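Below is one structure, written out as C-alpha cells, with a few remarks after it.
In my numbering, the protein residues as written are 1 to 534.
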C-alpha cells in the first residue's frame, strides 16, 4: 500500500515530550501555537519572534532555551533528510526502515554520516535539504549574480510599482587595482555617498514631473538596496558560497560578504557542506578571461539594435508535429514523418489543428524538442523580467570589468515629460565613473555601482520552444512593460523569418491574439474587444 510522509517537519510528539520533561506548563497550548506558526514560514525570523512572544504569554518563564530547542528540532529534521538519502542509496531496507534508523540517531550522528557519504563524492544527497532565506538590503549586483548563475529560486521586490526613493544604498570600501585599501578611502566613500544621494533625488524629481516609477527607475544606480526571498538546496548553496568567496567574484566586496554570511548560517544549520567549501580551490582570476586576454583581444562593447537569432532547430513545425506522433505511437522518426506528410496531403488543415491541440489543449511537451538561441539587448532595468523565467539558459556579462556606461536607454515617455534630463544623468554618471577611476585609482570591482538601471547589456539566451511560447504569451501582452514587449516582439519577428516555422509562429503571442481570451479580466487593455468588433 502506498505510504507518503513529509520529511523534515517538526516532530510535535518529540516537542511535547521535551516540554513535559521540563515540567512546562500549558504544553498543549504551546504545541498548538507551534503548529499555527509553522504554516507561515520556518525561514523567517519574525515567525520565531512571534512564537516567542506567544510562548511568553502562556508562561513568562518560557524563553530562549525553548526557542533554541525548536531551532534544534528544525536543524535535526533537515539533517535527517540528508542522512536518510545517504543511507537509502547504500543500505538494504525500504525508505521507512532506513528512516527509522536515522530518526533514532542524534543530530550529530546524522551530520557525521552525511559528511562521510559526501566526502566519498556522493554530494547529491544534499539536494534534499532546502533552505529559504529572507534577504534585506542587498544591491542588484547580488540579485543579478544569483540570477545569472541560476543558483536559486527567487522573488525580488518589483521596481515597477515600488517607491525606491528612500531605500538607501550600498557603499563599498575602495581599493586600488591590486586590491589594497586606498589611503583616502574615507574621502572616496563620502564623495560616492554624496553622488549616489543625488541620483535618488533625481529619481524623485522625475516622479514629481509625472514620470511613472517604472520609467523613473532607469536612473537608479546599481547600489540601491533591495529585498529578496531566495530558496536554495544545500548542494547549490555550497556552490554559491564557493563562487562568492573563492573565485574572482570574491574581489567584489559585497559578493564576498554575502557568501561569508551564508557560510556562517550554513555552519550552524547544514554543517555537512562545510568540508567541501573549505577544501575548494581558490581561483583569484577567471581562467577563461586570462586565456582570452593573452590573445590581446580588444574590448569593443557594442549593444545590438534589436534581438538577433544566433541559432535555431531545423524545420521547427515538422519537428514538433512528428514528436507528437512518435510520442503516442512509438514510430521511428522516418515513419512518423511519412505519416505526417500523408495525412497533411489528405487534410490541408491537419498540421495547424494538431499544433493548436498540442499548445492549447495538451501539455506542450512537444515544443521542448526545438531550440532557439538569441542575443538580446536589454537595459538592466528590465533584465530581471527575462531572467526570472528560469527555464532557459542565460549568459549575462559579469559586472567587472565595467560595461560601457555611455550606452543606455531612455524611456519614450521620459523624452516627452523630461526631455534631455536622463541624457544629462547618464553623461554625468560616466564623468563620475571616470573621476573615481582616474582621481582615486579605484579598481573595476568597486566601480560596478556606477552602473545605472538604464545602461544596456547584451545577453545570450538558449530557449526551447515551450519556454519561448510561455515568455511571449506574457510579454507580448500590451500591459507588459514596454521594453519587454519590444523584446518579445523582436523574438517573434526572428522566428517569423525562419523557414518551416510558420505554424509554430502562429501560436505565439498573447492569449487574446492566439486564443481569443484575456486572463486580465477587468484589468484587460481592451484589445480583445477591439478584435471582436473587427
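Note that the Cβ used here is the ideal one computed from N, Cα and C, for glycine as well. In this text, all values refer to a predicted model and were calculated from it rather than measured experimentally.
C-alpha gap between residue i and residue j, whole angstroms
i: residue 263; j: residue 279; result: 14 Å
i: residue 366; j: residue 495; result: 17 Å
i: residue 245; j: residue 333; result: 49 Å
i: residue 78; j: residue 129; result: 6 Å
i: residue 509; j: residue 305; result: 22 Å
i: residue 191; j: residue 218; result: 22 Å
i: residue 314; j: residue 328; result: 22 Å
i: residue 99; j: residue 285; result: 44 Å
i: residue 606; j: residue 359; result: Any property of residue 606 remains undetermined from this structure, which presents the chain solely from 1 to 534.
i: residue 411; j: residue 462; result: 27 Å
i: residue 516; j: residue 382; result: 28 Å
i: residue 356; j: residue 387; result: 27 Å
i: residue 126; j: residue 234; result: 5 Å
i: residue 181; j: residue 438; result: 16 Å
i: residue 489; j: residue 472; result: 8 Å
i: residue 347; j: residue 421; result: 59 Å
i: residue 497; j: residue 83; result: 53 Å
i: residue 62; j: residue 20; result: Residue confidence for residue 62 is low, a pLDDT of 49 falling below 50, so the modelled location carries little weight and cannot support an answer.
i: residue 155; j: residue 476; result: 22 Å
i: residue 220; j: residue 307; result: 25 Å
Beta strand (DSSP E) segment containing residue i, residue limits
i: residue 155; result: 153 to 156
i: residue 233; result: 226 to 233
Continuous alpha helix (DSSP H) stretch holding residue i: start and end
i: residue 513; result: 511 to 514
i: residue 130; result: Premise fails: residue 130 lies in the beta strand (DSSP E), 130 to 138, not in any alpha helix (DSSP H).
i: residue 432; result: 421 to 438
i: residue 470; result: 465 to 475
i: residue 278; result: 274 to 279
i: residue 481; result: No alpha helix (DSSP H) holds residue 481; DSSP gives it neither H nor E.
i: residue 210; result: Premise fails: residue 210 is in no alpha helix (DSSP H) and is neither H nor E.
i: residue 443; result: Note, residue 443: premise wrong, no alpha helix (DSSP H); not H, not E.
i: residue 267; result: 253 to 269
i: residue 401; result: Counting along the chain, residue 401 falls outside any alpha helix (DSSP H), and DSSP gives it neither H nor E.
i: residue 289; result: 287 to 293
i: residue 352; result: 350 to 356
For residue j and residue i, believed in contact at Cβ under 8 Å, the rounded distance
i: residue 232; j: residue 240; result: 7 Å
i: residue 141; j: residue 283; result: Not quite, the Cβ-Cβ distance comes to about 20 Å (not below 8 Å), so this is no contact.
i: residue 86; j: residue 114; result: 6 Å
i: residue 442; j: residue 174; result: 5 Å
i: residue 317; j: residue 504; result: 5 Å
i: residue 415; j: residue 211; result: With a Cβ gap of about 10 Å, residue 415 and residue 211 do not count as contacting.
i: residue 519; j: residue 456; result: Between residue 456 and residue 519 the Cβ distance is about 31 Å, and since that is not below 8 Å, they are no contact.
i: residue 272; j: residue 95; result: At roughly 20 Å, the Cβ-Cβ gap does not stay under 8 Å, so residue 272 and residue 95 are not in contact.
i: residue 400; j: residue 325; result: The pair is not a contact, with the Cβ atoms about 50 Å apart (cut-off 8 Å).
i: residue 343; j: residue 487; result: Between residue 487 and residue 343 the Cβ distance is about 37 Å, and since that is not below 8 Å, they are no contact.
i: residue 464; j: residue 370; result: 7 Å
i: residue 392; j: residue 484; result: Not quite, the Cβ-Cβ distance comes to about 14 Å (not below 8 Å), so this is no contact.
i: residue 430; j: residue 405; result: 5 Å
i: residue 80; j: residue 103; result: 6 Å
i: residue 265; j: residue 242; result: Between residue 242 and residue 265 the Cβ distance is about 15 Å, and since that is not below 8 Å, they are no contact.
i: residue 165; j: residue 203; result: 6 Å
Those residues which DSSP pairs with residue i across a bridge
i: residue 340; result: None; residue 340 has no bridge partner.
i: residue 395; result: 460
i: residue 175; result: 181
i: residue 329; result: DSSP, once it has assigned bridges, lists no residue as partnering residue 329.
Per-residue DSSP class, three states only, for residue i
i: residue 500; result: coil
i: residue 1; result: coil
i: residue 373; result: strand
i: residue 580; result: Past the edges of the chain, shown from 1 to 534, lies residue 580, and the structure says nothing about it.
i: residue 167; result: coil
i: residue 455; result: strand
i: residue 308; result: strand
i: residue 378; result: strand
i: residue 411; result: coil
i: residue 221; result: strand
i: residue 487; result: helix
i: residue 122; result: coil
i: residue 63; result: Model confidence at residue 63 stands at a pLDDT of 49, short of 50, so the residue's coordinates are unreliable and nothing is read from them.
i: residue 91; result: coil
i: residue 108; result: helix
i: residue 41; result: Reliability of the predicted coordinates at residue 41 is poor, the pLDDT of 44 falling under 50, and no value is obtained from them.
i: residue 20; result: helix
i: residue 517; result: coil
i: residue 507; result: coil
i: residue 189; result: helix
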